[in-house]
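Heads up, the thing below is written out as C-alpha coordinates.
Numbering (this note's numbering), first residue to last: 136 to 274.
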(Lines of atoms letter the chains of each structure in order from A and count residues from 1; the text may use other names and numbers.)
(Lines give C-alpha, C1' and ligand atoms only; values in the text may rest on other atoms or scores of the structure.)
Protein backbone atom coordinates (compact mmCIF):
# COMPACT_ATOMS: atom_id res chain seq x y z
CA UNK A 1 0.00 0.00 0.00
CA UNK A 2 1.47 3.31 -1.07
CA UNK A 3 -0.58 5.95 0.73
CA UNK A 4 -2.63 6.33 3.83
CA UNK A 5 -5.53 7.92 1.95
CA UNK A 6 -8.13 5.87 0.09
CA UNK A 7 -7.10 5.02 -3.45
CA UNK A 8 -10.39 6.14 -4.98
CA UNK A 9 -12.46 9.28 -4.83
CA UNK A 10 -16.02 9.97 -5.89
CA UNK A 11 -16.44 11.54 -9.30
CA UNK A 12 -19.26 13.87 -8.31
CA UNK A 13 -21.24 15.18 -5.36
CA UNK A 14 -24.19 12.94 -6.27
CA UNK A 15 -22.25 9.74 -5.54
CA UNK A 16 -23.67 7.92 -2.55
CA UNK A 17 -22.27 5.26 -0.27
CA UNK A 18 -21.81 2.06 -2.28
CA UNK A 19 -21.92 3.70 -5.72
CA UNK A 20 -19.29 2.58 -8.20
CA UNK A 21 -16.91 5.45 -8.85
CA UNK A 22 -14.44 3.77 -11.19
CA UNK A 23 -15.71 2.34 -14.44
CA UNK A 24 -14.03 0.04 -16.92
CA UNK A 25 -10.95 1.56 -18.50
CA UNK A 26 -9.99 0.69 -22.06
CA UNK A 27 -6.27 0.78 -22.81
CA UNK A 28 -4.53 0.47 -26.15
CA UNK A 29 -2.02 -2.37 -26.54
CA UNK A 30 0.89 0.03 -26.07
CA UNK A 31 -0.72 1.55 -22.94
CA UNK A 32 -1.36 -1.94 -21.54
CA UNK A 33 2.27 -2.88 -22.32
CA UNK A 34 3.45 0.19 -20.43
CA UNK A 35 1.48 -0.84 -17.34
CA UNK A 36 2.77 -4.41 -17.71
CA UNK A 37 6.38 -3.22 -17.90
CA UNK A 38 5.99 -1.67 -14.46
CA UNK A 39 3.81 -4.47 -13.04
CA UNK A 40 5.84 -7.41 -14.39
CA UNK A 41 7.72 -8.21 -11.13
CA UNK A 42 4.46 -8.14 -9.14
CA UNK A 43 2.58 -10.25 -11.70
CA UNK A 44 5.40 -12.81 -11.82
CA UNK A 45 5.38 -12.99 -8.02
CA UNK A 46 8.91 -11.60 -7.71
CA UNK A 47 8.14 -8.62 -5.58
CA UNK A 48 5.79 -5.97 -4.30
CA UNK A 49 5.30 -2.40 -5.39
CA UNK A 50 8.77 -1.70 -3.97
CA UNK A 51 10.27 -3.84 -6.79
CA UNK A 52 8.81 -1.74 -9.60
CA UNK A 53 11.30 -1.03 -12.40
CA UNK A 54 12.53 2.48 -13.00
CA UNK A 55 11.19 4.33 -16.01
CA UNK A 56 14.51 3.74 -17.80
CA UNK A 57 14.29 -0.01 -17.11
CA UNK A 58 10.68 -0.15 -18.34
CA UNK A 59 11.61 1.77 -21.50
CA UNK A 60 14.46 -0.65 -22.18
CA UNK A 61 12.14 -3.63 -21.61
CA UNK A 62 9.81 -2.27 -24.31
CA UNK A 63 12.55 -1.05 -26.70
CA UNK A 64 11.14 2.48 -26.30
CA UNK A 65 12.89 5.75 -25.70
CA UNK A 66 12.46 7.25 -22.26
CA UNK A 67 10.59 10.16 -23.84
CA UNK A 68 8.05 7.83 -25.44
CA UNK A 69 7.57 5.93 -22.18
CA UNK A 70 7.06 9.11 -20.17
CA UNK A 71 4.55 10.45 -22.70
CA UNK A 72 2.54 7.21 -22.55
CA UNK A 73 2.83 7.11 -18.74
CA UNK A 74 1.38 10.62 -18.57
CA UNK A 75 -1.50 9.59 -20.87
CA UNK A 76 -2.32 6.43 -18.88
CA UNK A 77 -2.15 8.26 -15.56
CA UNK A 78 -4.38 11.04 -16.90
CA UNK A 79 -6.90 8.51 -18.21
CA UNK A 80 -7.09 6.64 -14.90
CA UNK A 81 -7.12 9.85 -12.89
CA UNK A 82 -10.17 11.01 -14.85
CA UNK A 83 -11.82 7.74 -13.80
CA UNK A 84 -11.22 8.55 -10.12
CA UNK A 85 -7.93 6.77 -9.38
CA UNK A 86 -5.99 8.95 -6.96
CA UNK A 87 -2.27 9.58 -6.74
CA UNK A 88 -1.49 9.37 -10.46
CA UNK A 89 -1.46 13.03 -11.37
CA UNK A 90 0.03 16.02 -9.67
CA UNK A 91 -1.60 19.40 -9.43
CA UNK A 92 -2.41 22.12 -6.96
CA UNK A 93 -2.01 20.59 -3.48
CA UNK A 94 -1.80 17.10 -5.02
CA UNK A 95 1.46 15.20 -5.38
CA UNK A 96 2.09 12.24 -7.65
CA UNK A 97 5.38 11.22 -6.09
CA UNK A 98 4.76 7.47 -6.22
CA UNK A 99 2.66 7.31 -9.35
CA UNK A 100 4.40 4.22 -10.77
CA UNK A 101 3.66 2.35 -7.53
CA UNK A 102 0.07 3.64 -7.45
CA UNK A 103 -0.37 2.66 -11.10
CA UNK A 104 0.83 -0.89 -10.45
CA UNK A 105 -1.17 -1.17 -7.24
CA UNK A 106 -4.38 -0.11 -9.00
CA UNK A 107 -3.75 -2.10 -12.20
CA UNK A 108 -3.08 -5.37 -10.35
CA UNK A 109 -5.81 -4.95 -7.72
CA UNK A 110 -8.45 -4.05 -10.32
CA UNK A 111 -7.19 -6.74 -12.75
CA UNK A 112 -6.57 -4.08 -15.38
CA UNK A 113 -3.54 -6.27 -16.14
CA UNK A 114 -2.96 -9.91 -15.20
CA UNK A 115 -0.18 -12.46 -15.61
CA UNK A 116 -2.02 -13.70 -18.71
CA UNK A 117 -1.27 -10.33 -20.35
CA UNK A 118 2.53 -10.62 -19.94
CA UNK A 119 3.19 -11.96 -23.49
CA UNK A 120 2.08 -8.52 -24.73
CA UNK A 121 5.37 -7.13 -23.36
CA UNK A 122 7.46 -9.17 -25.80
CA UNK A 123 5.03 -8.45 -28.66
CA UNK A 124 5.23 -4.69 -28.10
CA UNK A 125 9.03 -4.82 -27.71
CA UNK A 126 9.31 -6.68 -31.04
CA UNK A 127 7.04 -4.15 -32.75
CA UNK A 128 9.15 -1.27 -31.42
CA UNK A 129 12.39 -2.98 -32.45
CA UNK A 130 11.07 -3.61 -35.96
CA UNK A 131 9.87 -0.01 -36.29
CA UNK A 132 13.23 1.28 -35.08
CA UNK A 133 15.10 -0.93 -37.56
CA UNK A 134 12.83 0.22 -40.40
CA UNK A 135 13.54 3.86 -39.50
CA UNK A 136 17.26 3.23 -39.40
CA UNK A 137 17.48 3.12 -35.61
CA UNK A 138 15.99 6.56 -34.97
CA UNK A 139 12.94 7.05 -32.74
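We put the CB at the ideal spot given by N, CA and C, even for glycine.
Local conformation of residue i per DSSP, three classes
i           : result
residue 220 : strand
residue 247 : coil
residue 198 : coil
residue 183 : coil
residue 164 : helix
residue 188 : coil
residue 159 : coil
residue 205 : helix
residue 253 : coil
residue 240 : helix
residue 210 : helix
residue 270 : coil
Selected residue, minimal CA-CA separation from residue i, among the options
i           : options               : result
residue 266 : 198, 191 and 177      : 198
residue 251 : 177, 263 and 271      : 177
residue 241 : 164, 170, 165 and 161 : 170
residue 163 : 219, 218, 211 and 224 : 211
residue 189 : 271, 239 and 161      : 239
Beta carbon of residue i nearer than 9 Å to that of residue j
i           : j           : result
residue 173 : residue 193 : yes
residue 196 : residue 260 : yes
residue 96  : residue 233 : Given that the chain is displayed from residue 136 to residue 274, the structure contains no residue 96 and the question cannot be resolved.
residue 235 : residue 187 : yes
residue 160 : residue 215 : yes
residue 258 : residue 168 : yes
Closer than 8 Å: residue i CB and nearest the ligand GTP heavy atom
i           : result
residue 184 : Looking at this structure, you won't find the ligand GTP or any other ligand, since it has none at all.
Problem set entry | Inter-stretch contact at 8 Å, needing at least 3 Cβ pairs: the stretch 177 to 186 / the stretch 205 to 218 | No contact exists between the stretch 177 to 186 and the stretch 205 to 218.
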